[in-house]
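Single-structure report; data block below.
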Amino acid sequence: MIILDYETRSKVDLPASGLHVYASDFSTDIICLFMYDTDDDTSCGFLMPKCMPMVWRMKLKAATLVGAMNAAFDREIHDLIGVPDYSFPEIPDYKWYCIAAQCRVNALPSNLDDAARAAKVPNKKSQRGKQLIKLLSIPQEDGTFMESLDLRKEMLEYCKSDVIATVDLWRATRSMTQVEHNDWLINERMNTRGVKIDRDLALAATKYAAAEQSEIGAKLTALTDGLITKPTQYQRIKEYILGSMEDDENDRKLLKLMTTHKNDHKKLSLDRDIRESIITSIDADNLHLFEDVEDLIRLLHDASASSVAKFGKMLTMADPEDDRVRGAFIHAGAAQTHRFSSKGLQLHNMKRNCYDSEEAIAMKEVMMRNEPVPDVMQSLSKLLRPALVPDKGNKYVVGDWSAIEARALPWLSGDVRAERKLNMFRRGIDVYIEAAKDLGLGERQVGKVAELALGYGGAVGAFASMAKNYGVIKPDYEVKKIVVSWRNANPWAATFWHSLESAAKKAVRARGTKSFKAGKVVYTFAPNLLGGTLICVLPDGTGIQYPFCSIEHSDRGDNLVCLKAGIKPKAGDTSKHHWGVVRLWGGLLSENVTQAFCAALLRDKLRDCDWLDLPVVAHVHDEIILETAEIYAYRDKKLLKEVMESVPEYAQGLPLKADPIILDRYGNH
DNA sequence: TGCGGCGGCGCC
DNA sequence: AAAGGGCGCCGCCGCA
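In terms of this note's numbering, the first sequence has 1511 at position 460, counting the first letter as 1, and numbering is strictly consecutive.
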């Protein structure tokens, strides 16, 4: 493998516009390139526009794989600048290999600095590197680039040290399997297709949002004598409300409503749920606040739809040539479970509550005519999904699996007692009604909340937070009963939690000499990988990892712990654990295997789509979105249903259900 | 002025 | 003993 790293400069703001717009821009150019041959440990770096030495030209041509940290960046720079402008040898897409993706499948962080720290790979402080980027890669105030041979030479040194650290990381972690690498390539192809946005709609929406935001700002300013000027100034808002308090009964009630608990300490919050409960109390005449405080909270409620900022992101990220946003998906972005994640224009958290195609078009026309829109912010947020559109002559075909996690969890338990639940899915029986019956209650909503909240070891707290989303209100003592009843009706669940934790611990203790089964997954241990890595092998043969995994003894028993990619230590942290630690208890393990298995299933189906030339442009964990020619839409809808409902050999008995639909714009379904 | 932390939003 | 977790982006705020 040749591992390389490009340093570049451009007038385009990379984080704002995304890689594709960046690499396509005429102002973008290469500053330097450093390459390392892992076969013979030779390396070569040079400044542009010097020619690439012939021997390295040959090496690059002959390489089996070309690796880079975030290879998508280097690939686009190579293809769009290196090859056409500097006659670098072409590298076919399938040869590119992403070492950041390799880090993630090893459950390490995705960026070089953090991954190196977590994996204990030597890596020099990158502070100077960041300075150099600022100096050389970003235009100066007058719009021109700084030209300095000395700084360029220094940049090359920095580039070299990054490549060395990347090589070390590549060696310290396991490589992606061929299946994983192929899945990464499939994801790259989808990223290249991109997803089209309705530019006119997004433009109109940003215009209306800006006007509304300034109006809300003016109202806030007037209401609070200029202390608060924007609805997002939460700190000032909290101060304002606290400042208005006189410690009477109402204030104590308000404080109680605002108090949340996070990591064992109290915090005051005014998030949406809390605002809602405050407003409910006021409307029920249980809470009386000063008029300005009440107005403030209500105003905040109307104003808060920060999600409309996505329209702006659509505009800066879409390619001006074809209005498509590219590169929005990260293979195994979730390092714990290998689920995909989404970046740039985050397509994994688009507000569900939205207009359908006709309503969206009507709203768009209203905005184009500059007519007023009621409930501006809320209305705009309902336009987010419909702002994604198929190209002319195309349709979206969208399929999502019905209750995939609720099916996968009991199936993974491998417990005969879970067959009852699986049979309900197989026969199309409403599991939420059945769950409500099990609880001795008639309310489907309560059954639904229990089903959604209690599968992963959660108890009263889990139920309560889920219940809020569905308007279910139950006193604590009743929730406790619900939890007990649900667990009694689903005995396979607690057994599975316990056996997962037990098998995982046994695997760690066995130090790799033996594997241990829990339901349909198997735990094993790799003592020499990343400080000792617990590996969970899923039914499809793929695995998720728990690096730096060990058993810590305490007076209350043994705790299984491992490194958690998402928790960064502060700089200079020399505590016992060099990185954030997570405790692996049964509930967490059951959730991990379920999410991971569902992600594996999705990847499997994306392979089928790739094979069948079904053009996937996006997906959201349990949902696949095709953009297909209108004349093929009906055929592809049937094909997608077949793909999503066909049960793989390794998943016999798992009931899969999906009913794709054809859409003119993206939406809720 | 830039950057990281944090609170907040939203999804599965 | 008890335990909801997996993500990413925006904006404010305090610090360097």
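The C-beta atom is built at its ideal place from N, Cα and C for all residues, glycine as well. Note that the coordinates shown come from a computational prediction; the quantities given were computed from them, not determined experimentally.
Cα separation between residue i and residue j?
i            : j            : result
residue 1113 : residue 1120 : 20 Å
residue 1241 : residue 1272 : 46 Å
residue 1455 : residue 1700 : 17 Å
residue 1604 : residue 1610 : 6 Å
residue 1187 : residue 1208 : 14 Å
residue 1489 : residue 1514 : 16 Å
residue 1375 : residue 1716 : 14 Å
residue 1523 : residue 1497 : 7 Å
residue 1423 : residue 1259 : 9 Å
residue 1702 : residue 1563 : 26 Å
residue 1482 : residue 1460 : 14 Å
residue 1552 : residue 1400 : 31 Å
residue 1150 : residue 1664 : 27 Å
residue 1639 : residue 1617 : 15 Å
residue 1148 : residue 1378 : 16 Å
residue 1354 : residue 1123 : 38 Å
residue 1651 : residue 1475 : 24 Å
Taking 6 Å as the cut-off, is the CB of residue i close to at least one heavy atom of the ligand HEM?
i            : result
residue 1512 : As far as ligands go, the structure on display features none, and thus does not contain the ligand HEM.
Does residue i pass the burial test, meaning 16 or more other C-beta atoms within 10 Å, or should it be called exposed?
i            : result
residue 1572 : buried
residue 1560 : exposed
residue 1528 : exposed
residue 1191 : exposed
residue 1445 : buried
residue 1115 : exposed
residue 1704 : exposed
residue 1303 : exposed
residue 1153 : buried
residue 1684 : buried
residue 1625 : With a pLDDT of 49 at residue 1625, under the threshold of 50, the predicted position of this residue should be treated as unreliable, and no value is reported.
residue 1004 : The requested residue 1004 does not occur in the structure, where the chain is confined to residues 1052 to 1720.
residue 1106 : exposed
residue 1539 : exposed
With DSSP collapsed to three states, give me the class of residue i.
i            : result
residue 1549 : helix
residue 1649 : helix
residue 1086 : strand
residue 1338 : coil
residue 1054 : strand
residue 1429 : helix
residue 1514 : helix
residue 1073 : helix
residue 1367 : helix
residue 1543 : helix
residue 1596 : strand
residue 1063 : coil
residue 1452 : strand
residue 1379 : coil
Among the candidates the options, whose CA atom is the shortest distance from the CA of residue i?
i            : options                : result
residue 1530 : 1509, 1547, 1690, 1550 : 1509
residue 1196 : 1472, 1207, 1184, 1142 : 1184
residue 1466 : 1355, 1144, 1639, 1546 : 1546
residue 1434 : 1361, 1706, 1453       : 1361
residue 1328 : 1477, 1520, 1383       : 1520
residue 1405 : 1425, 1376, 1209, 1429 : 1429
residue 1159 : 1651, 1289, 1630, 1636 : 1630
residue 1227 : 1179, 1352, 1070, 1383 : 1383
residue 1108 : 1118, 1141, 1079       : 1141
residue 1083 : 1319, 1569, 1122, 1133 : 1133
residue 1363 : 1707, 1257, 1643, 1499 : 1257
residue 1634 : 1654, 1410, 1585, 1180 : 1585
residue 1535 : 1556, 1502, 1154       : 1502
residue 1278 : 1172, 1294, 1252, 1354 : 1294
residue 1457 : 1642, 1255, 1136, 1238 : 1642
residue 1282 : 1352, 1659, 1570       : 1352
residue 1506 : 1525, 1549, 1674, 1492 : 1549
residue 1570 : 1595, 1543, 1594, 1576 : 1543
residue 1194 : 1685, 1060, 1298       : 1060
residue 1511 : 1495, 1537, 1493, 1491 : 1537
residue 1504 : 1478, 1477, 1533, 1493 : 1533
residue 1053 : 1102, 1146, 1065, 1103 : 1146
query: Taking one C-beta from the region 1294 to 1311 and one from the region 1337 to 1356 each time, how about it: are there three or more such pairs within less than 8 Å?
result: yes
- prompt: When the Cβ atoms of the region 1088 to 1099 are set against those of the region 1344 to 1363, are three or more pairs found closer than 8 Å?
  reply: no
- prompt: Given 8 Å as the limit, is there contact between the region 1214 to 1233 and the region 1158 to 1173, that is, 3 or more CB pairs closer than that?
  reply: Yes: the two stretches touch, three or more of their Cβ pairs being nearer than 8 Å.
- prompt: If you pair each beta-carbon of the region 1674 to 1682 with each one of the region 1413 to 1423, do three or more pairs fall below 8 Å?
  reply: no
- prompt: Between the region 1069 to 1081 and the region 1120 to 1132, do three or more beta carbon pairs fall short of 8 Å?
  reply: yes
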